[in-house]
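Peer 1: Below: one structure in structure tokens.
Residue numbers (my numbering): 10 to 439.
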């Protein structure tokens with residue numbers, strides 16, 4: 010046992026013995042009492058000074074007032090009893106807890122405190138004390154700043170999903186501490202926009218169905234007339250002309266497509282191309298993009314070797330792409346062909362036919378189109394393709410640049426298998 014500890018143990022006994030042996034009573038504080046009180050004050054423990062003072066006052070009641078004043082004087086100059094600090098938390102653990110509290114997420118802070126208590130059971134009390142202080146100070150996530158909220162709500166009011174998404178992205182970038190609240194508000198407004206758009210689309214579909222249902226046999230037709238003329242002089246004199254007509258009707262349960270074309274060319278005074286074609290296609294709509302397709306076609310092309318050819322086809326079609334600015338229809342099925350060749354020979358063939366029709370609006374007023382078909386029977390195949398770009402000059406007048414391919418895999422002797430033509434023409438829409 011150390012010397013200072015032994016002194017503290019002996020000190021109270023000595024004080025009592027000394028005070029008990031004192032006999033002189035006078036108005037002044039007895040010298041031995043004063044020595045004891047001052048010694049207690051020197052140790053620096055206010056509790057000891059108070060205890061010594063009370064004992065002295067009981068032994069010297071006549072000097073109790075003076076002893077009390079001395080004791081108060083001495084206690085005023087002593088420090089309070091030192092209370093041992095709470096057990097210290099390991100610095101890495103405390104840093105982990107304070108970092109969790111810095112983000113203001115109370116649930117995350119509670120999880121970190123539970124982990125710290127589990128891994129440091131000897132510091133559980135100190136961890137709980139620190140956790141209580143930090144949880145009390147933890148604030149809820151900050152609300153959206155007024156300027157950011159006003160900007161997001163205005164974008165939602167406009168009703169454009171792309172604009173709202175862009176505004177939310179900018180708001181999150183400018184207010185990173187409000188990111189969660191901004192995302193929640195943006196998601197809420199986006200849901201409202203999508204709901205309104207869905208309702209508007211449903212109303213539009215119902216209105217369109219009602220309009221189509223009310224159409225008569227001669228109502229609802231639209232069409233295009235096309236004319237192109239070319240003249241070449243010099244080493245080669247050539248005159249070409251193309252006249253075409255297309256009619257289309259969208260009904261509630263069916264689509265009608267009618268097309269007629271006259272293709273004529275004269276080279277050096279001699280006829281070098283003369284083709285006539287007439288087709289009618291009917292698509293009976295089944296729903297979900299499916300339809301039954303039928304085709305009746307007639308054509309005449311002496312330079313390809315036939316005086317006339319009829320084609321009849323029936324099959325199943327599907328609208329593979331249907332979105333604003335782009336559509337793709339494909340169909341196929343069995344086909345019959347009756348051909349009268351320029352030689353006088355005729356053939357009736359059973360085969361198959363497939364076709365596609367593609368439309369793509371490149372930008373407002375400019376459209377790319379592709380119409381292609383293939384008919385095959387008994388080893389003979391006919392391929393037709395027409396690619397075109399059409400640009401509007403006005404509401405009814407457009408310019409068209411097209412490239413046409415027609416190929417016969419089994420042409421008559423002396424005939425080329427493939428004919429191509431590139432043309433510029435004027436289109437009138439009605």
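Each residue gets a CB set at the ideal place from its N, CA and C atoms; glycine is no exception. Small disclaimer: the values here were computed from a predicted structure and weren't measured.
(1) Alpha carbon to alpha carbon, what distance is there between residue 231 and residue 1?
(2) Could you spell out where the beta strand (DSSP E) holding residue 415 opens and where it closes?
(3) Which residue from 205, 285, 378 puts its Cα closest to that of residue 167?
(4) Give me whichever residues DSSP pairs with residue 79 in a beta bridge.
(5) Taking the alpha-carbon positions, what's the residue 432 to residue 270 distance?
(6) Let's test the definition: count the other Cβ atoms within 10 Å of the Cβ of residue 217 and tell me whether it reaches 16, buried, or not, exposed.
(7) Taking a contact to mean a Cβ-Cβ separation below 7 Å, would you say residue 378 touches residue 368 in this structure?
(8) Roughly how many whole angstroms lie between the Cα atoms of residue 57 and residue 152?
(9) For a test of the three-state rule: what should DSSP assign to residue 221, helix, strand or coil?
(10) Which residues bound the beta strand (DSSP E) around residue 279?
(11) Taking 7 Å as the cut-off, decide whether the C-beta atoms of residue 102 and residue 65 are in contact.
(12) Just the C-alpha distance for residue 248 and residue 310, rounded to the nearest angstrom, thanks.
(13) My guess is that residue 52 and residue 80 are in contact by the Cβ rule of under 8 Å, so how many angstroms apart are they, rounded?
(14) Compare the Cα-Cα distances from residue 358 to each of 143, 85, 319 and report the closest residue.
(15) Buried or exposed for residue 405, please, with buried defined as at least 16 other CB atoms from any protein chain shown within 10 angstroms of its CB.
(16) So is residue 39 buried or exposed if we call it buried at 16+ other beta carbons inside 10 Å?
(17) Between the C-alpha atoms of residue 313 and residue 425, what's the straight-line distance to the nearest angstrom?
(18) Can you find a C-beta in chain C that's less than 7 Å from the C-beta of residue 329?
(19) Taking 7 Å as the threshold (C-beta atoms), are residue 136 and residue 125 in contact?
(20) Considering only the beta carbon of each residue, do residue 428 and residue 389 sit closer than 7 Å?
(21) What are the residues that DSSP puts in a beta bridge with residue 327?
(22) Taking 7 Å as the cut-off, decide whether the C-beta atoms of residue 315 and residue 273 are in contact.
(23) Any contact of the stretch 287-306 with the stretch 318-333, i.e. 3+ C-beta pairs under 8 Å?
(24) Let's see if you can read the secondary structure: which residues bound the beta strand (DSSP E) around residue 370?
(25) Kindly indicate which residue of 128, 107, 410 has the alpha-carbon position closest to the one of residue 398.
(26) Just the C-alpha distance for residue 384 and residue 340, rounded to the nearest angstrom, thanks.
(27) Is DSSP giving residue 260 helix, strand or coil here?
(28) I'd like to confirm the pairing. Which residues does DSSP put opposite residue 238 in its beta bridges?
(29) Can you check which of these residues, 199, 139, 74, 250, is closest to residue 104 by C-alpha distance?
(30) In this structure, how does DSSP classify residue 203 when only helix, strand and coil are distinguished?
(31) Using the C-alpha atoms, what's the distance from residue 109 back to residue 62?
(32) For residue 306, name the three-state secondary structure that DSSP assigns.
(33) Shortest alpha-carbon distance to residue 342 belongs to which of 292, 333, 117?
(34) Quick one: Cα of residue 329 to Cα of residue 261, how far?
(35) Is it right to say residue 132 is buried, meaning 16 or more other beta carbons lie within 10 angstroms of its own, or is it exposed?
(36) For the beta strand (DSSP E) that contains residue 311, what are its first and last residues?
Peer 2: Result, derived from the coordinates:
(1) The structure shown does not extend to residue 1, since the chain spans only 10 to 439, so no value can be given for it.
(2) From DSSP, the beta strand (DSSP E) with residue 415 extends over 406-417.
(3) When only C-alpha atoms are compared, the closest one is 205.
(4) As computed with DSSP, residue 79 is found in no beta bridge at all.
(5) Per the coordinates, the alpha-carbon of residue 432 lies some 14 Å from the alpha-carbon of residue 270.
(6) Flag for residue 217 reads exposed.
(7) Here residue 378 is near residue 368, since their CB atoms are less than 7 Å apart.
(8) The straight-line gap separating the alpha-carbon atoms of residue 57 and residue 152 is approximately 56 Å.
(9) Looking at residue 221 - three-state DSSP - the assignment turns out to be helix.
(10) Residues 279-296.
(11) Going by C-beta atoms, residue 102 is not nearer than 7 Å to residue 65.
(12) Cα to Cα, residue 248 sits roughly 18 Å from residue 310.
(13) Taking a contact as a CB-CB distance under 8 Å, the pair residue 52 and residue 80 does not count as one, their CB atoms being some 14 Å apart.
(14) Residue 319 holds the alpha-carbon nearest to the alpha-carbon of residue 358 among 143, 85, 319.
(15) Exposed, since its Cβ has fewer than 16 Cβ neighbours within 10 Å.
(16) Buried.
(17) For residue 313 and residue 425, the distance between alpha carbons rounds to 8 Å.
(18) Checking the listed chains, one finds no chain C in this structure; it contains a single protein chain.
(19) Yes, the Cβ-Cβ distance between residue 125 and residue 136 is below 7 Å.
(20) It is not a contact, given that the beta carbons lie outside the stated cut-off.
(21) Per DSSP, 299, 339.
(22) Against a cut-off of 7 Å, the Cβ pair of residue 273 and residue 315 comes out as no contact.
(23) Touching, yes.
(24) Looking at the DSSP string, the run of the beta strand (DSSP E) that includes residue 370 is 355-372.
(25) Relative to residue 398, the option among 128, 107, 410 whose CA is nearest is 410.
(26) A straight-line Cα-Cα distance of about 12 Å links residue 384 and residue 340.
(27) Three-state result, residue 260: coil.
(28) Note: residue 238 sits in a beta bridge opposite 250.
(29) Comparing Cα-Cα distances from residue 104 to each of 199, 139, 74, 250, the minimum goes to 139.
(30) Residue state, collapsed to three classes: helix.
(31) Note on geometry: alpha-carbon atoms of residue 62 and residue 109 lie some 52 Å from one another.
(32) Three-state result, residue 306: strand.
(33) Of 292, 333, 117, the smallest CA-CA separation from residue 342 is found for 292.
(34) Going from the Cα of residue 329 to the Cα of residue 261 covers about 19 Å.
(35) Result: buried.
(36) Annotation for residue 311: no beta strand (DSSP E) segment contains it, and DSSP assigns it neither H nor E.
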